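Undergrad: Heads up: the sequence lines are chains A and B, in that order. Mapping the first sequence onto the numbering used here, position 14 (from 1) lands on 96, and the numbers just tick up by one. Mapping the second sequence onto the numbering used here, position 233 (from 1) lands on 234, and the numbers just tick up by one. Note that beta-carbon positions come from the ideal geometry of N, C-alpha and C, so glycine has one too. Treat the numbers as computed from the prediction; the structure is a model and nothing was measured. Below you'll find the structure I mean.
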Amino acid sequence: MTLIIEQLLNGLQLGVMLFLMAAGLTLVFGVMGLINLAHGSLYMVGAFACAAVATATGSFWLGVIASLAAAAAAGAIVELVVIRRLYSRDHLDQVLATFALILVFSEGTRWLFGSFPLFLDVPAAFSGPVTLPGGIEYSRYRLAIIAAGLLIAVGLYALITKTRLGIRIRAGESDREMIAALGVDISKLYTIVFALGAALAGFAGALVGAIQSVQVGMGEPVLILAFVVVVIGGIGSVKGAFVGALLVGMTDTLGRFLLPVFFGTFMDPSSATSVGSALASMSIYILMALVLVAKPSGLYGDAI
Amino acid sequence: MLRERILNFVFAFGLLAVPLIAYVSDAPFVITLATKVAILALAGVGLNIALGLGGLISLGHAAFFGIGGYAMGILASHAQSYTLLTTWPFEIAGTKSMLIIWVVALASSGLAALIIGALSLRTSGAYFIMITLAFGQMLFFFAISWPAYGGEDGLPIYLRNGFPGLNTLDPIQFFTITYVILGLALFLSSRLSKSRFGLALQATRQNPERVEAVGMRPFNIRLTAFLISGMITGLAGALFADLNRFVSPSMFSWQTSGEIMVFVILGGVGRLYGPVAGAALFILLEHWLGGINDYWQFLLGLILLGVVLFARGGLIGTLVGREVAHD
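Right, here's the structure in full:
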């Protein structure tokens, strides 16, 4: 039982992090109609900025601030120099150009930091376990990640529904030409949305960097998971991204935990582990396929 | 059109001439490079049918490339260890015969293309890109976590598989096999684009509503194209595994999908010889940039960005000097 609750919390933590990634992807797609493969690179930029600054100054918090700033700046620069030229292009050009950006970012980072992974320590205030009601011990840092992610989700919701910027973002999603005609500086809006998405990705990178190692290529597996989230939730829907992220996080974590146990009930332990883990690694994609069969445009997407 | 034909001839002839010269001057490494170009071009020819003719932006063709590779790896590993592949319902032994391996690679990658295509073609646009990418990644993780055939470490095959009447370990003879297959695939691809099916496929790219209005089903046409495309890429995977005598999950990785797409685009989307030009350019760049800088992919990324932003139509499009229809 304790183990299941722990795994549920791990699933929640993964889900919340995936949401931070997927929210940026889905916003950029919804507002600008752009498919951005380089989103994972911004996650990596955030993690590296955090690790580098935290190592240099000794403060994790300065690192987190640096990760937000670096990822947002990288996002804004990339938008101004490259992405801007791609809005009017078809998806093929966007895929290719952002694939090229991945190569540039990954190799550039390898050039600067070398191939060895960096390590980022959990801040002292959040290290060690915390005892939850019911006597369950759980990592204080992971719990803080969950809280931070949920706070950001609420903040993002408020930003999009309550503020002027949010109104513009939603207007941009439904009719780009019209809000340009109404005098909104659309190219500035695009840069802001892109930088916002980048900052979220960078933040996720920094937080996850403290529990995993910070290395080149860390962004792409997460990027592809975020794609699965976006496909399940429906492209352009932040709400869909949230629901999809939690679904994917839970399915992945619980699948890895439960499937080997399940196969262990009627198979010998070693083959149960191998069959179970092989199936578990496919579980979220099977979930995606099921959602697609039922609703091809995702849970909250517009019909296509 | 005429200029493109001349150019095609130059590429076809060049890919044959380089290893022949290398053979005479005893440079087996160059022959191996040319073999790699031919195999990767074959994978690109496969993708080009879905991407160039059908407008289906598949970022998951590594799935088929990898399945072809593992078809070879699994069959050959059983032959090499003299164990049976299955004992039930009937006994299947491994094999070291290229011909049988090719048939199995074609069939298994075709089956995968049918399943993946049937699911992902329910959607279009950006969804399709993300979904094909996700399915590719699914097989990647499966290959990593399935321990029977090497798992994460991959599967070495000590001897190259045999082809009747040829010594496949001789680089020039193996090159000839890949070159002939590439030629056949290009011939098929060119016939396909001019056939009734090919015309219908291009019509579904340009205007699916109209295709539907004249009584054809775009879904079936696209699925057929995706199937053919996946099978050709799968065959390339089997050959690539034979070239390296090694199969690993990296054949399934999303970078592989991206690279196959890069071959097609560097050369020119929808151009018959686009993948050949693209793969040759890619290998040349890898070799040349890799020689001047360890971080050659950084430069490759910049070059690729330049091609996408400024030289649309790829190498062939630029040389022929006419913007390719890009819809």
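1. Give me the Cα-Cα distance between R4/B and S230/B, rounded to the nearest whole angstrom.
2. Kindly list, in the order they appear in chain B, the residues whose Cβ is closer than 8 Å to that of I117/A.
3. Chain D partners of M364/A, CB-CB under 8 Å?
4. What's the C-alpha gap between D334/A and A362/A?
5. From M83/A, E88/A, F181/A and M114/A, pick the residue whose C-alpha is nearest to that of I251/A; which is it?
6. Just list the residues that DSSP pairs L331/B with in beta bridges.
7. List, in order along the chain, the chain A residues whose C-beta lies closer than 9 Å to that of R123/B?
8. Is there at least one Cβ from chain B nearer than 9 Å to M370/A's Cβ?
9. I'd like to know whether the C-beta of W289/B is nearer than 9 Å to at least one C-beta of chain A.
10. Is the distance from the Cβ of V110/A to the Cβ of G279/A below 9 Å?
11. Tell me whether D328/B is buried or exposed, calling it buried when 16 or more other Cβ atoms sit within 10 Å of its Cβ.
12. Can you tell which of L290/B, G291/B and G275/B has its C-alpha closest to the C-alpha of T319/B?
13. By the three-class DSSP mapping on this structure, what secondary structure does Y223/A have?
14. Can you give the Cα-Cα distance for V325/B and Y169/A, rounded to whole angstroms?
15. According to DSSP, P257/B sits in a beta bridge with which residue or residues?
16. Verify the CB distance criterion: does F299/B have a CB-CB separation below 9 Å to chain A?
17. Helix, strand or coil: how does DSSP classify V365/A here?
18. Of all the CB atoms in chain A, is at least one closer than 9 Å to the CB of F136/B?
19. Have a look at T33/B and L91/A and give me their C-alpha separation to the nearest angstrom.
20. Would the beta-carbon of L140/B fall within 9 Å of that of R246/B?
21. Just checking: is the beta-carbon of P219/B within a distance shorter than 9 Å of some beta-carbon in chain A?
22. Considering only their Cβ atoms, is the gap separating L60/B from G126/B smaller than 9 Å?
23. DSSP three-state label for I228/A, please.
24. Measure from the alpha carbon of T355/A to the alpha carbon of each residue in P342/A, A240/A and M349/A, then state which is nearest.
25. So, helix, strand or coil for F198/A, using DSSP?
26. Indicate the three-state DSSP secondary structure (helix, strand or coil) for I218/A in the structure shown.
27. At a Cβ threshold of 9 Å, is H327/B touching chain A?
28. Compare the C-alpha of I145/B against each of I184/A, A158/A, I317/A and S359/A and name the closest.
29. Quick one: any contact between the stretch 184-191 of chain B and the stretch 42-52 of chain B, if contact means 3 or more CB pairs under 8 Å?
30. Out of T108/A, S353/A, I87/A and V146/A, which has the shortest C-alpha to C-alpha gap to A230/A?
31. Candidates L185/A, F348/A and G299/A: which alpha carbon is nearest S197/A's?
32. Just to confirm before moving on: does the CB-CB distance between S98/B and N168/B stay below 9 Å?
33. Report the partner residues of F164/B according to the DSSP bridge assignment.
34. By Cβ distance below 6 Å, which residues in the same chain neighbour A94/B in space, the five residues on each side in sequence not counted?
TA: With the given structure in hand:
1. Going by the C-alpha atoms only, they are around 27 Å apart.
2. Going along chain B in sequence order, the residues near I117/A (Cβ under 8 Å) are A127, I130 and M131.
3. Judged by its chain identifiers, the structure shown contains no chain D, and its protein chains are A and B.
4. Cα-Cα distance, rounded: 7 Å.
5. Closest in alpha carbon position to I251/A, among M83/A, E88/A, F181/A and M114/A, is M114/A.
6. Residue 331/B falls outside the range modelled here, since chain B spans only 2 to 328, and no answer is possible.
7. Going along chain A in sequence order, the residues near R123/B (Cβ under 9 Å) are L374, V375 and P378.
8. Judged by the 9 Å Cβ criterion, M370/A is in contact with chain B.
9. For W289/B, the answer is no, since every Cβ of chain A falls outside 9 Å of its Cβ.
10. Between V110/A and G279/A, the C-beta gap is smaller than 9 Å, which places the two residues in contact.
11. Confidence is the limiting factor: at D328/B the pLDDT is only 42, short of 50, which leaves the residue's position unreliable and the question unanswerable from this model.
12. Of the residues L290/B, G291/B and G275/B, the one whose Cα lies closest to the Cα of T319/B is G275/B.
13. Residue state, collapsed to three classes: helix.
14. Residue confidence is low: V325/B scores 47 on pLDDT, short of 50, so the model does not pin down where it sits. Its coordinate-derived value is still stated next. Straight across, the Cα-Cα distance linking V325/B with Y169/A is about 19 Å.
15. First, the residue type needs correcting, since residue 257/B is Thr and not Pro in the sequence shown. In DSSP, T257/B forms no bridge with anything.
16. Any Cβ of chain A closer than 9 Å to the Cβ of F299/B would place that residue at the interface, and such an atom is present.
17. Inspection of the sequence shows that residue 365/A is occupied by Ser rather than by Val. Helix at S365/A.
18. Using a CB distance cut-off of 9 Å, F136/B counts as an interface residue toward chain A.
19. Computed Cα separation, rounded: 52 Å.
20. Not in contact: L140/B and R246/B (Cβ atoms no closer than 9 Å).
21. P219/B is outside the set of residues whose beta carbon lies under 9 Å from a beta carbon in chain A.
22. No. Outside cutoff.
23. Residue state, collapsed to three classes: helix.
24. Selected option, being the one with the closest Cα: P342/A.
25. Here F198/A sits in coil by DSSP.
26. Strand, per DSSP.
27. Any reading at H327/B must be qualified, since the residue scores a pLDDT of 46, below 50, and its modelled position is unreliable; the value itself is stated next. The beta carbon of H327/B sits closer than 9 Å to some beta carbon of chain A.
28. The shortest CA-to-CA distance from I145/B to any of I184/A, A158/A, I317/A and S359/A is the one to S359/A.
29. Yes, the stretch 184-191 of chain B is in contact with the stretch 42-52 of chain B.
30. It is V146/A whose Cα lies nearest to the Cα of A230/A.
31. Relative to S197/A, the option among L185/A, F348/A and G299/A whose CA is nearest is G299/A.
32. Taking 9 Å as the Cβ cut-off, S98/B and N168/B do not qualify as a contacting pair.
33. Its beta-bridge partners are L167/B.
34. Hits under 6 Å: L85.
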